[in-house]
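See structure below.
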Amino acid sequence: MFVSSWKPPIRLGCSKVRCLLSARNRPLVVNSKRRAFLHANCPRFASALIDLRSDTVTKPSRPMLEAALSARTGDDVMGEDPTVLELEETVADLFRKEKGLYVPTGTMSNLVAIMSHCNRRSSEIIIGANCHICLWEGGNTAGLGGVHTRQLLEDETTAQIHRDHISDAFRSDDDDHFAKTELLCLENSHNMMGGVALPLSYVEDIGHLTTELGIKLHIDGARIFNASVCHNVPVDNLCKPADSVSVCLSKGLGAPLGSVLVGDTDFIRLAKRARKRCGGGMRQAGVVAAMGLYAIHNNISRLEADHRRAKRLANELQKNGFYLARNGAVDTNMFYFGLPDNSKVEWKDYCKILQTKHGVGLTGGYSRGGRLFRAVTHLDISDKDIDRAVEAMVLAARLS
2 MFVSSWKPPI RLGCSKVRCL LSARNRPLVV NSKRRAFLHA NCPRFASALI
52 DLRSDTVTKP SRPMLEAALS ARTGDDVMGE DPTVLELEET VADLFRKEKG
102 LYVPTGTMSN LVAIMSHCNR RSSEIIIGAN CHICLWEGGN TAGLGGVHTR
152 QLLEDETTAQ IHRDHISDAF RSDDDDHFAK TELLCLENSH NMMGGVALPL
202 SYVEDIGHLT TELGIKLHID GARIFNASVC HNVPVDNLCK PADSVSVCLS
252 KGLGAPLGSV LVGDTDFIRL AKRARKRCGG GMRQAGVVAA MGLYAIHNNI
302 SRLEADHRRA KRLANELQKN GFYLARNGAV DTNMFYFGLP DNSKVEWKDY
352 CKILQTKHGV GLTGGYSRGG RLFRAVTHLD ISDKDIDRAV EAMVLAARLS
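Using this note's numbering, the first residue of the sequence shown is number 2, and each one after it goes up by one.
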């Protein structure tokens, strides 16, 4: 029997997992077969990983788990879970929208929003060609929602879709050849553009445009609080022009799952039906909703620290000759970068070397022929982790 010093404490291979709170204080215990598998596939098992792959990798804190254990529950499909109702009301109030709807994932939240705004099949939405809905949600708008996407390129620096391009892309139902445009979707902050935070002035301008065109505006707010902190603008102001906003709880806020979709009462009524069709209705969901409430109340104010650490990491890499997208500008908690010209390692091997030999996790294969990597800071990354990450990332690049 092998016992690791790594702190997450669940006994692997057991048919039952004991209370999470007591488990967090136990070592990870595995049998010999599990040991070989973990060393081969999970480098974090061998040593604590500085995990910069995403802000979705965070672990629930002890207070968050305590909130889950003490949560009041009911049947949410029947509208009887008091903790879910509190979460929905809390988030709706933050955004000054009439209602909220708790959904298991951000992907489902966006899909439910699109299906509710475009409740006639073969409708069309205008979206950015590099946005999450377009690239990372399995083509569900067409495959499940029956909705056509009109994809427009965002500006490489600002992540904004030009106003005139949106106007040109709009199609009414005057011609039977065309799908009718019903919705425009923006992502704020923008993942594939390196966490760029769209400013209030742009969102307001686009809001005026969608009103002129007679279409709805949905904001994919997976990291909307990061955008809010970046511009020092409250989320209710930043999203005031939007008819709906999906608010993810499991990224920068650190909850294990969940998204809240907000909008007016009629929209949420439609969204609740769409959530049911997507299999998103949950029963005693208060257990996980309580962790989302904890995240909302406690983890928004600390996002600035994630931004500060991301900027410091980017600056240190740039000093060592790494290429930084957007000329090194870092708005929020993520950025994309490439290896220095004098690196002796193939870009295809960099992530594997960095994780297995240096204990730092990254994702790669983005843009520039797949030669860009992404680093994301979050609440499980400390200042010391940034120091270690810089040293490891430079060493792994094998500079001449």
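The beta-carbon is built from N, C-alpha and C at its ideal position, and this holds for glycine as well.
Which residue marks the beginning of the alpha helix (DSSP H) containing M116, and which one marks its end? G107 to H118 is the span of the alpha helix (DSSP H), which, as asked, contains M116.
Counting Cβ pairs closer than 8 Å, one from the stretch 59 to 71 and one from the stretch 93 to 100, do we hit at least three? Contact between the stretch 59 to 71 and the stretch 93 to 100 is absent, because fewer than three Cβ pairs lie under 8 Å.
Considering only residues of the same chain and omitting the five flanking positions on each side of I354, which have a CB-CB separation below 7 Å? Cβ neighbours of I354 beyond the five flanking positions: V346 and A397.
Through-space distance from R389 to P341, alpha-carbon basis: The C-alpha of P341 lies about 19 Å from the C-alpha of R389.
Using 8 Å as the threshold, is the stretch 204 to 211 in touch with the stretch 315 to 326, meaning 3 or more CB pairs across them? With fewer than three CB-CB distances shorter than 8 Å, the stretch 204 to 211 does not count as touching the stretch 315 to 326.
So, helix, strand or coil for C249, using DSSP? Reduced to three states, the DSSP call for C249 is strand.
Just to confirm the assignment: which complete beta strand (DSSP E) runs, minimum length 3, are found wholly within the stretch 253 to 295? Within the stretch 253 to 295, the complete beta strand (DSSP E) runs of at least 3 residues are 260 to 264.
Report buried or exposed for L154, applying the criterion of at least 16 other Cβ atoms within 10 angstroms of its Cβ. By the 10 Å Cβ count, L154 comes out exposed.
V104 and I126 closer than 7 Å at C-beta: No.
For D307, which residues from the same chain have a beta carbon less than 8 Å from its beta carbon, with the 5 sequence-adjacent residues on both sides left out? Same-chain partners within the cutoff: D56, N227, G253, T333, N334, T378, H379, L380 and I382.
Please report the residue range of the alpha helix (DSSP H) in which D206 lies. Taken as a continuous stretch (DSSP letters only), the alpha helix (DSSP H) holding D206 covers L201 to L214.
First and last residue of the alpha helix (DSSP H) that includes L153? No alpha helix (DSSP H) holds L153; the beta strand (DSSP E) holding it covers H149 to L153.
In chain order, what residues of the same chain lie with their CB nearer than 6 Å to the CB of W348, ignoring the 5 residues before and after it? Closer than 6 Å at the Cβ level, and outside the excluded window around W348, lie L340 and R372.
Are I134 and C186 closer than 7 Å when you measure CB to CB? Cβ atoms of I134 and C186: closer than 7 Å.
Please classify A296 as buried or exposed, where buried requires at least 16 other C-beta atoms within 10 Å of its C-beta. It counts as buried.
Am I right that S117 and L218 are in contact with their C-beta atoms under 8 Å? What's the rounded C-beta distance? With 8 Å as the limit, S117 and L218 do not qualify as a contact, their Cβ atoms being about 13 Å apart.
Take F1 and list the residues in its own chain whose beta-carbon comes closer than 6 Å to its own, dropping the five residues that flank it on each side. The question about residue 1 has no answer here: the residues shown for the chain are numbered 2 through 401.
Express the C-alpha separation of G366 and N189 in angstroms, rounding to a whole number. Cα to Cα, the separation comes out at about 23 Å.
Report the three-state DSSP secondary structure of M79 (helix, strand or coil). Coil at M79, not helix or strand.
Keeping to the same chain, check which residues put their C-beta closer than 8 Å to that of L22; ignore five residues upstream and five downstream. Since pLDDT at L22 reaches only 47, below the 50 mark, its modelled position is unreliable, and the value read off the structure follows with that caveat. If we look at L22 and ignore the five residues flanking it on each side, its Cβ neighbours are R63, L66, E67 and L70.
How many angstroms separate the CA atom of V406 from the CA atom of V58? The chain is shown from 2 up to 401; residue 406 falls before or after that span and cannot be answered.
E89 in three-state terms, based on DSSP: Reduced to three states, the DSSP call for E89 is helix.
Helix, strand or coil for T387? Go by DSSP, reduced to three states. In the sequence as presented, Thr is not what sits at residue 387; that position holds Ile. Taken through DSSP and simplified to helix, strand or coil, I387 comes out as helix.
Sequence-distant residues of the same chain with beta carbon closer than 6 Å to D237, five excluded per side: Answer for D237: F96 and R97, listed in chain order.
For my contact list, A160 and L199 are in at a C-beta cut-off of 8 Å; report their separation, rounded to the angstrom. Their Cβ separation, rounded to whole angstroms, is 7 Å, which keeps A160 and L199 in contact under 8 Å.
Would T150 be called buried (16 or more neighbouring beta carbons within 10 Å of its own) or exposed? Burial check for T150: the Cβ neighbour count within 10 Å reaches 16 or more, so the residue is buried.
Going by DSSP, what residue range makes up the alpha helix (DSSP H) through I354? W348 to H359 is the extent of the alpha helix (DSSP H) around I354.
In the DSSP assignment, the beta strand (DSSP E) including V104 goes from what residue to what residue? Boundaries of the beta strand (DSSP E) harbouring V104: K100 to V104, taken from the DSSP string.
So D76 and R284 are in contact, right, with Cβ under 8 Å, and what is the actual spacing, rounded? Contact between D76 and R284 holds: CB atoms are separated by about 5 Å, below the 8 Å threshold.
Cutoff 6 Å; reference E305; Cβ partners in own chain excluding five residues on either side: Excluding sequence neighbours, E305 sits near V230.
Going along the chain, which residues of its own chain have a beta-carbon closer than 6 Å to the beta-carbon of G255, five neighbours each way excluded? T59, A296, N300 and L380.
For A47, three-class secondary structure by DSSP: Confidence at A47 is low in this model, with a pLDDT of 41, below 50, so the placement of that residue should be treated as unreliable; the coordinate-derived value is given next. Per DSSP, reduced to three states, the secondary structure at A47 is helical.
So F336 and G195 are supposed to be a Cβ contact under 8 Å. How far apart are they, rounded? Confirmed, Cβ separation roughly 5 Å.
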